[in-house]
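Colleague: One structure, as structure tokens, below. Some questions next.
2 protein chains.
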Amino acid sequence: MAGMDLRPLIQPGGKIVLFVWDGLGGITSGPNGETELQAARTPNADRLAREGVCGRLVPVYPGVTPGSGPGHLGLFGYDPIEYQIGRGALEAAGVGFDLQHGDVAARLNFCTLDAHGRISDRRAGRIPTEESKPVVEKLAREVREVDGVKVFWAPVKEYRALLVLRGEGLGDGVEDTDPQKTGVAPLAPKASDDSAASARTARIAAKVLQKAHACLAGQPKANGVLARGFAMRPHWPTVTERFGVKAAVVAGTPMYRGVAKLVGMEELPACNEVAKDVASVAAAWDKYDYFFLHYKHTDKAGEDGDFKAKVHYIEEADAAIPAIEKLGPDVLIVTADHSTPSAMKAHSWHPVPVLLWAKTVRHDRAERFDEISCITGGLGLMPSEHLMPLALAHAGRLAKFGA
Amino acid sequence: MAGMDLRPLIQPGGKIVLFVWDGLGGITSGPNGETELQAARTPNADRLAREGVCGRLVPVYPGVTPGSGPGHLGLFGYDPIEYQIGRGALEAAGVGFDLQHGDVAARLNFCTLDAHGRISDRRAGRIPTEESKPVVEKLAREVREVDGVKVFWAPVKEYRALLVLRGEGLGDGVEDTDPQKTGVAPLAPKASDDSAASARTARIAAKVLQKAHACLAGQPKANGVLARGFAMRPHWPTVTERFGVKAAVVAGTPMYRGVAKLVGMEELPACNEVAKDVASVAAAWDKYDYFFLHYKHTDKAGEDGDFKAKVHYIEEADAAIPAIEKLGPDVLIVTADHSTPSAMKAHSWHPVPVLLWAKTVRHDRAERFDEISCITGGLGLMPSEHLMPLALAHAGRLAKFGA
């Protein structure tokens, strides 16, 4: 089933809350052959499952494990295969850098260069954040502008950082400078397309990296940088343009805020404490039609391989449901961007459970909110991308198609 | 959900065995209202179903009954609507003729011509293979080359045979010579497109058929030939190119070997005795990532309308499972290319049951391997084409998509 342009059907309607329990899905790996969600006590989600309709979402494509960006884009109604974010732009989102249209962002690795300028370590001894942060701050002080283009540097984590160029006429057709091996010098940034903008950006990036190397000359480990994934902020239609909703994001982690802002959601205060984050939704309740509320800890516990912790955090998220219900949403959805089974200590391709509560649902036989019960759910097994039109429909926001 | 290019995600991983029980699916037609698979005792497949994840595959499109070619292409991850094989090329695959790129193949019917050269029987009295084979051999001896183009003739079955032209600059835009009625002469081969290659091929085919008619002049029944479905070997990307697996086929019947070879699988010894065919997989275990093991007898019994025989052969295939498990595959799949209900004595459009066993599955409530239990399976109802990415994922062969 290909995508559908819903714009001609948009009409005013009720309020929608999308409550994402990051990495929620698991595999049957618990002490009694259950998933984390089956092991958890989730009286509120179970009640919503009984009163609502359930199903399972395929985030990107069968068998494909999504990163956080594609996983969320699907939930927002954007086909993640069609809407791909360049690495640099995603990194900017990840650290909360407010990338403007026209900016060019790149991911940086600090590296170690020998006396001949050849790379001896592509990750600068994997220096910890405490060591790399002062180095980034030094770059930010000393390399601030080249040929009228503003230069921004931001720390990411350990040996990784972000570079952003801001100025007129930039392009992102620029090749990586990381040769992907040691014993050779970093590559010069080279234009990868024929545009004047990319050629200019490659020239400026070369000067920026030259200045950076001069600035880092005295550093013991991080005396060089390698740039990858040059990318601009994509020109995407917003959720308001595509779906007619004024939308807000409440997410304590910069990456999720960043992705939501790429599709036009406005940022509300958030801190990764679920009660406070729900209060942030409540405080702005009258101003928006659609709230994306993100809960991070479930994914973290999955990545850590900690079954018990994941169960605990699922229960914590469940306990936040009544406070959301109290706001009176017309549609309340609980689901995930992808699975993160603690047995795999990583994201996975397994479908994610979804429940949609609304007064207009047709019930099904799913009596509990978990991966296995949801197989019998009325929503079936569908691409994440189909969730947004269903949310709009249950909120009365889509008019009849055809007479 | 349109197709997805998985190549950027390919990484090394575990071994996959695809065990195809040809024509496995049935309809509820047994003495107790059961399918052949429900009636069969399949302790091994049932155990794999409990330990794995189940579902159902739609081979081509809902309601569409697949031939053997499309049915298998779907299982190999090729959308059978996009990847269509010309009739001549499929016939070449079916008789194990090793069609080269540049060859043009056509299906032949022997026919009976009257004294005026008009067709009196389009199938030459449906002569049996014993009668047609010597006629084909006579053609192969006497019509071997025309204008520098090599000519090959191969028997197929009864009144059917295969013609292959091999030479420089051939094309397959050539119309059938079968007028589809009696009382008229065979049509002359005519180019169906504007290419020089097709025009040349039509001219050569005309000469070849003229020589064939001269050669067959004395035959009592098969004194003429009609050519249909001129086609070249398609230029398709291989499973190695698309999915990163080195793949082998073990199939005792030429057709299935032929289709597998069109997508780049290498041929291993096979004889349609399942224990020996499994041994053939075992002997090459270290050399390949992906094994397609074909079991024919289930389809044959279905085509014969023999419910009991189909049950028997399902049980025979099931008994071969432990020997495959002993090899230690990371992913073991049991499924079919299409349904062949014995009650219908023919292929059908009904979805086929599938089980996927791997250590990384999420279980479901399917406790038995049969068409009805599989409705509750975690894989849901999906196009056959989605099976390959899921097999790759469960074998750890697909990296994360996006960050």
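Just so you know, the sequences run in chain order A and B. Going by my numbering, the first residue of the first sequence is number 33, and it counts up by one from there. Going by my numbering, the first residue of the second sequence is number 33, and it counts up by one from there. Ideal placement from N, C-alpha and C gives every residue a C-beta, glycine not left out.
(1) Given 8 Å as the limit, is there contact between the stretch 133-147 of chain A and the stretch 254-263 of chain A, that is, 3 or more CB pairs closer than that?
(2) In terms of residues, what are the limits of the beta strand (DSSP E) holding V181 of chain B?
(3) Taking Y320 of chain A as the reference, which of A:Y327, A:A234, A:L359 and A:N304 has the closest Cα?
(4) I'd like to check one pair, G99 of chain A with D331 of chain A: are the Cβ atoms closer than 8 Å?
(5) Express the C-alpha separation of L80 of chain A and A315 of chain A in angstroms, rounding to a whole number.
(6) Measure the alpha-carbon distance for D37 of chain B versus D208 of chain B and round it to whole angstroms.
(7) Give the secondary structure of R176 of chain B by DSSP, where H, G and I count as helix, E and B as strand, and everything else as coil.
(8) Answer with yes or no whether the minimum CB distance from P44 of chain B to chain A is below 8 Å.
(9) Could you pull out every unbroken alpha helix (DSSP H) segment of at least 4 residues lying fully inside the stretch 82-141 of chain A, listed in chain order?
(10) Would you say Y93 of chain A reaches chain B, if we count a Cβ-Cβ gap shorter than 8 Å as a contact?
(11) Check distances from the C-beta atoms of the stretch 401-429 of chain A to those of chain B and list, in chain order, the residues that come in under 8 Å.
(12) Which residues in the same chain as A234 of chain A place their Cβ atom closer than 7 Å to its Cβ, once the five residues preceding and following it in sequence are excluded?
(13) Report the rounded CA-to-CA distance for R155 of chain B versus H148 of chain B, giving the unit in angstroms.
(14) If L50 of chain A sits next to F324 of chain A, beta carbons under 8 Å apart, how far is it from one beta carbon to the other, in whole angstroms?
(15) DSSP puts S380 of chain A in a beta bridge; with which residues?
(16) In the DSSP assignment, what are the bridge partners of R155 of chain B?
(17) May I have the straight-line CA-CA distance separating L411 of chain B from R88 of chain B, to the nearest angstrom?
(18) Can you find a CB in chain B that lies within less than 8 Å of the CB of M264 of chain A?
(19) Specify whether the stretch 119-130 of chain B and the stretch 242-249 of chain B touch according to this definition: at least 3 beta carbon pairs, one from each stretch, less than 8 Å apart.
(20) What do you reckon, are the CB atoms on S416 of chain B and V90 of chain B nearer than 8 Å?
(21) Since E514 of chain B contacts A280 of chain B with CB under 8 Å, what's their CB separation in whole angstroms?
(22) Starting from F323 of chain A, follow its DSSP beta bridges and name the residues at the other end.
(23) On the premise that A229 of chain B lies in contact with L194 of chain B, defined as a C-beta separation below 8 Å, what is that separation, rounded to the nearest angstrom?
(24) Please list, in chain order, the chain B residues whose beta carbon lies closer than 9 Å to that of T97 of chain A.
(25) Distance cutoff 8 Å, beta carbons only. Does M36 of chain A sit that close to anything in chain B?
(26) I need the boundaries of the beta strand (DSSP E) containing G261 of chain B, first residue and last residue.
(27) Using a Cβ-Cβ cut-off of less than 8 Å, list which residues of the stretch 383-403 of chain B approach chain A; keep chain order.
(28) Quick one: what's got a C-beta closer than 6 Å to A427 of chain B's C-beta in the same chain, skipping five residues either side?
(29) Under the three-state reduction of DSSP, which class applies to E68 of chain A: helix, strand or coil?
(30) Please report the distance separating the alpha-carbon of L107 of chain A from that of L422 of chain A.
(31) Round the Cβ separation of L430 of chain B and L41 of chain B to the nearest angstrom and send it over; I've been treating them as touching at under 8 Å.
(32) Residues of chain B with CB under 8 Å from R119 of chain A, in chain order?
(33) Is the shortest distance between the beta-carbon of I447 of chain A and the beta-carbons of chain B less than 8 Å?
(34) Helix, strand or coil for G290 of chain A per DSSP?
(35) Going straight from the alpha carbon of D204 of chain B to that of V277 of chain B, what length do you get?
(36) What span of residues does the alpha helix (DSSP H) with G334 of chain A cover, start to end?
Modeller: In brief:
(1) Here the stretch 133-147 of chain A makes contact with the stretch 254-263 of chain A; the two share three or more CB pairs at distances below 8 Å.
(2) As a first step, residue 181 of chain B is located in the second sequence; it is residue number 149 there, counting from the start. First-last of the beta strand (DSSP E) with V181 of chain B: V181 to K189.
(3) Residue mapping note: residue 320 of chain A aligns to position 288 of the first sequence, counting from 1. Ranking the options by Cα distance to Y320 of chain A, first place goes to A:L359.
(4) Here residue 331 of chain A refers to the residue found at position 299 when the first sequence is read from its first residue. Here residue 99 of chain A refers to the residue found at position 67 when the first sequence is read from its first residue. In this structure, G99 of chain A does not lie closer than 8 Å to D331 of chain A by Cβ.
(5) Walking along the first sequence from the start, residue 315 of chain A turns up at place 283. Walking along the first sequence from the start, residue 80 of chain A turns up at place 48. Each residue's alpha carbon lies about 24 Å from the other.
(6) To locate residue 37 of chain B, count along the second sequence from 1; it is residue 5. To locate residue 208 of chain B, count along the second sequence from 1; it is residue 176. In a straight line, the C-alpha of D37 of chain B is about 36 Å away from that of D208 of chain B.
(7) Numbered from 1 along the second sequence, position 144 holds the residue referred to as residue 176 of chain B. DSSP, read as helix, strand or coil, puts R176 of chain B in coil.
(8) By one-based count along the second sequence, residue 44 of chain B stands at place 12. Not flagged as an interface residue toward chain A: P44 of chain B, since no C-beta distance is shorter than 8 Å.
(9) Scanning the stretch 82-141 of chain A for uninterrupted alpha helix (DSSP H) segments of 4 residues or longer gives 100-107 and 119-126, listed from N- to C-terminal end.
(10) Here residue 93 of chain A refers to the residue found at position 61 of the first sequence. Chain B contact via Cβ: present.
(11) Those residues of the stretch 401-429 of chain A that come within reach of chain B (Cβ to Cβ, closer than 8 Å) are E403, I404, I407, T408, G412, L413 and P415.
(12) Within the first sequence, the letter at position 202 stands for residue 234 of chain A. The residues are V206, P221, K222 and A223.
(13) As a first step, residue 155 of chain B is located in the second sequence; it is residue number 123 there, counting from the start. As a first step, residue 148 of chain B is located in the second sequence; it is residue number 116 there, counting from the start. Within the model, the alpha-carbon separation for R155 of chain B versus H148 of chain B is close to 18 Å.
(14) As a position in the first sequence, residue 50 of chain A is number 18, starting the count at 1. As a position in the first sequence, residue 324 of chain A is number 292, starting the count at 1. Confirmed, Cβ separation roughly 5 Å.
(15) Sequence index remark: in the first sequence, residue 380 of chain A carries index 348 (1-based). Paired residue(s): A:S371.
(16) As a working note, residue 155 of chain B is residue 123 in the second sequence. Among the bridge pairs identified by DSSP, R155 of chain B is matched with none.
(17) Indexing the second sequence from 1 puts residue 411 of chain B at position 379. Indexing the second sequence from 1 puts residue 88 of chain B at position 56. Their Cα atoms are separated by approximately 7 Å.
(18) Taking the first sequence and counting its residues from 1, the one referred to as residue 264 of chain A is at position 232. It does not; no Cβ of chain B falls within 8 Å.
(19) With the cut-off at 8 Å, the stretch 119-130 of chain B and the stretch 242-249 of chain B do not touch.
(20) Reading the second sequence from its first residue, position 384 is the one you call residue 416 of chain B. Reading the second sequence from its first residue, position 58 is the one you call residue 90 of chain B. Contact: yes.
(21) Nothing in the structure corresponds to residue 514 of chain B, since chain B is present only between 33 and 435.
(22) Against the first sequence, residue 323 of chain A aligns to sequence position 291. BP columns for F323 of chain A point to A:V49 and A:A280.
(23) Position 162 of the second sequence, counted from the first residue, corresponds to residue 194 of chain B. Position 197 of the second sequence, counted from the first residue, corresponds to residue 229 of chain B. Between L194 of chain B and A229 of chain B, the beta carbon gap of about 21 Å keeps them out of contact (Cβ cut-off 8 Å).
(24) As a working note, residue 97 of chain A is residue 65 in the first sequence. Residues of chain B with a Cβ closer than 9 Å to the Cβ of T97 of chain A are, in chain order, L41, A425, L430, A431, K432 and F433.
(25) Within the first sequence, residue 36 of chain A is the residue found at index 4, counting from 1. When Cβ-Cβ separations below 8 Å define contact, M36 of chain A makes no contact with chain B.
(26) The residue given as residue 261 of chain B occupies position 229 in the second sequence. For G261 of chain B, the enclosing beta strand (DSSP E) begins and ends at G256 to M264.
(27) So the close ones are T392, V393, R394, H395, D396 and R397.
(28) Taking the first residue of the second sequence as 1, we reach residue 427 of chain B at position 395. Excluding sequence neighbours, A427 of chain B sits near G45, G46, I48, D362 and V363.
(29) Position 36 of the first sequence, counted from the start, is the residue given in the question as residue 68 of chain A. Three-state DSSP puts E68 of chain A in a helix.
(30) Locating residue 107 of chain A in the first sequence gives position 75, where the first residue counts as 1. Locating residue 422 of chain A in the first sequence gives position 390, where the first residue counts as 1. The straight-line gap from Cα to Cα measures roughly 11 Å.
(31) Within the second sequence, numbered from 1, the residue matching residue 430 of chain B stands at position 398. Within the second sequence, numbered from 1, the residue matching residue 41 of chain B stands at position 9. At roughly 5 Å, the Cβ-Cβ gap stays under 8 Å, so L430 of chain B and L41 of chain B are in contact.
(32) Position 87 of the first sequence holds residue 119 of chain A. In chain order: A435.
(33) With chain A covering 33 to 435 only, the question about residue 447 of chain A has no answer from this structure.
(34) By one-based count along the first sequence, residue 290 of chain A stands at place 258. Helix.
(35) Counting from one through the second sequence, the residue named residue 204 of chain B turns up at place 172. Counting from one through the second sequence, the residue named residue 277 of chain B turns up at place 245. Whole-angstrom Cα-Cα distance: 31 Å.
(36) The residue given as residue 334 of chain A occupies position 302 in the first sequence. H329 to E335 is the extent of the alpha helix (DSSP H) around G334 of chain A.
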